[in-house]
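**Q**
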Amino acid sequence: MSADLLDVRRIYYEPAAAALPRGKEILARFPAAHLVEVESHQRIPELYGDETNVDRWVRIKREALVLGVKKTLTARPNGRSADFIAPSTANGCAMACAYCYVPRHKGYSNPITVFANIDKISGYVTRHAARQGVKPQPNECDPSAWVYDIGENSDCSVDARISDNVRDLVEVFRWLPHAKASFATKHVNRDLLGWDPLGRTRIRFSLMPHPDAKLLDIRTSPIADRIAAIDDFVAAGYEVHVNFSPVVVRPGWLADWAELLDQLDAGIGPAAKSQLAAEVIFLTHNKDLHEVNLGWHPKAEDLIWRPELQQPKLSQNGSWNVRYRTGAKGQYVSALRDLIASRTPYCRVRYAF
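Here my numbering runs 410 ahead of the position in the sequence shown, where the first position is 1.
(1) Taking its Cβ as the centre, do 16 or more other Cβ atoms sit within 10 Å of V476, making it buried, or is it exposed?
(2) Take T482 as the anchor and find which of Q452, L617, A508, A474 has the nearest alpha-carbon.
(3) Buried or exposed: where does K770 fall if 16 or more other Cβ atoms within 10 Å of its Cβ makes it buried?
(4) Can you give me the C-alpha to C-alpha distance between A485 and I531, rounded to a whole angstrom?
(5) Assign V650 to one of three DSSP states: helix, strand, or coil.
(6) Quick check on the DSSP output: the alpha helix (DSSP H) that includes N703 runs from which residue to which?
(7) What's the C-alpha gap between H543 and E550?
(8) Do the segment 591-598 and the segment 631-645 make contact, defined as three or more Cβ pairs closer than 8 Å?
(9) Would you kindly report the start and end of the unbroken beta strand (DSSP E) that includes L445?
(10) Only counting the same chain, and skipping five residues up and downstream in sequence, which positions put a Cβ closer than 7 Å to that of A751?
(11) Suppose contacts are defined by Cβ-Cβ distances below 7 Å. Is G705 in contact with V464 by that definition?
(12) With a cut-off of 8 Å, do at least 3 Cβ pairs link the segment 488-502 to the segment 617-626?
(13) With H, G and I counted as helix, E and B as strand and the rest as coil, what does DSSP make of P722?
(14) What are the start and end residues of each continuous alpha helix (DSSP H) run of 4 or more residues lying completely inside the segment 622-699, in chain order?
(15) Enumerate in chain order the residues of its own chain whose CB-to-CB distance from A668 is below 8 Å, with the five nearest sequence positions on each side excluded.
(16) In this structure, does DSSP put Y534 in helix, strand or coil?
(17) Counting only runs of 4+ residues fully inside the segment 537-623, write out the alpha helix (DSSP H) ranges in chain order.
(18) With distances taken from CA atoms, which of F643, K624, I637, D601 is nearest T611?
(19) Considering Cα atoms alone, identify which of I470, Y648, Q720 is closest to T736.
(20) From V418 to D569, what distance separates their C-alpha atoms?
(21) Exposed or buried, what is A442 when buried is set at 16 or more other beta-carbons lying within 10 Å of its beta-carbon?
Now the structure itself:
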């Protein structure tokens, strides 16, 4: 494990989580860590809700780990990237992408929280998938399988460096005849190549032009490394898609996307190209996150906080988001779709917004 990404020195744990087999495994994996008992993984004042933590944003992500029990198990309908959002086996992240929506909900540091009750999570997903039966008709998620996103609030490739939760779910989906797992990632973890998913797990490597990634994708694997991994993951039995996200509109943005698409085309082989599809997601930002970023990475905000191009939208949770203005955004989407069709015509765009 790279100490640059994770160097766990403190583990905040719920006693119920530490008593479970997976909890014991995680504690044993980090024997030198200082242990702090907490009543709830959702209420740790020194991690969540303390605005002074913005000064220690990256250090907390690298050094702190939270161990809890996932109490509410639901499979939330989605219908765009996946049919359902599976109960999470973790939330938070060791990476620090400037546009990430998760810190909007979890405070100012947002280290990884791992849930130890993986048996209950796996059992719930198995029963839920069985109840769905055969998928009656194709949709933009998949032509035949019910797709479950298993990493909505974390990066599963990083989570897999902490526990076997992700591997356990990949193995569950291996034998579900009408369902498959899916997760997006910005981290290349080649340990996953030995898991033999039998085509029942879809990995979506997130890509953006290098100039944007250098400024926005903090502590992630380089874009070139993500592209270089695609063929290997296809050969290892994964379905591999790409996420073009977030798309940031700025001077020269289309030219840089053309260069990225050319890099992708040159970097993958026929097997990957024959099954490739993409999700295209234009930037959505958030006023609260903007204020946080000004405290630790203000240069990113010069790129992604553009009031002259953006309009506010009240989200379902009551916070104010900003996105590119209606009308202009449609033109941006069309321009990028045309570019994808020209440079990588084999890459089917599953959806773009």
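Idealized CB from N, CA, C, for every residue including glycine. Quick caveat, the model's predicted, so the values are computed rather than measured.
**A** According to the data block:
(1) buried
(2) Q452
(3) Lying outside 411 to 763, the shown extent of the chain, residue 770 is not represented and no answer is given.
(4) 10 Å
(5) strand
(6) 697-706
(7) First, the amino acid is wrong: residue 543 is Gly here, not His. Approximately 18 Å between the Cα atoms of the pair.
(8) yes
(9) 444-447
(10) none
(11) yes
(12) no
(13) strand
(14) 633-645, 663-677, 680-685
(15) L749, R753
(16) helix
(17) 566-569, 575-584
(18) F643
(19) Q720
(20) 13 Å
(21) exposed
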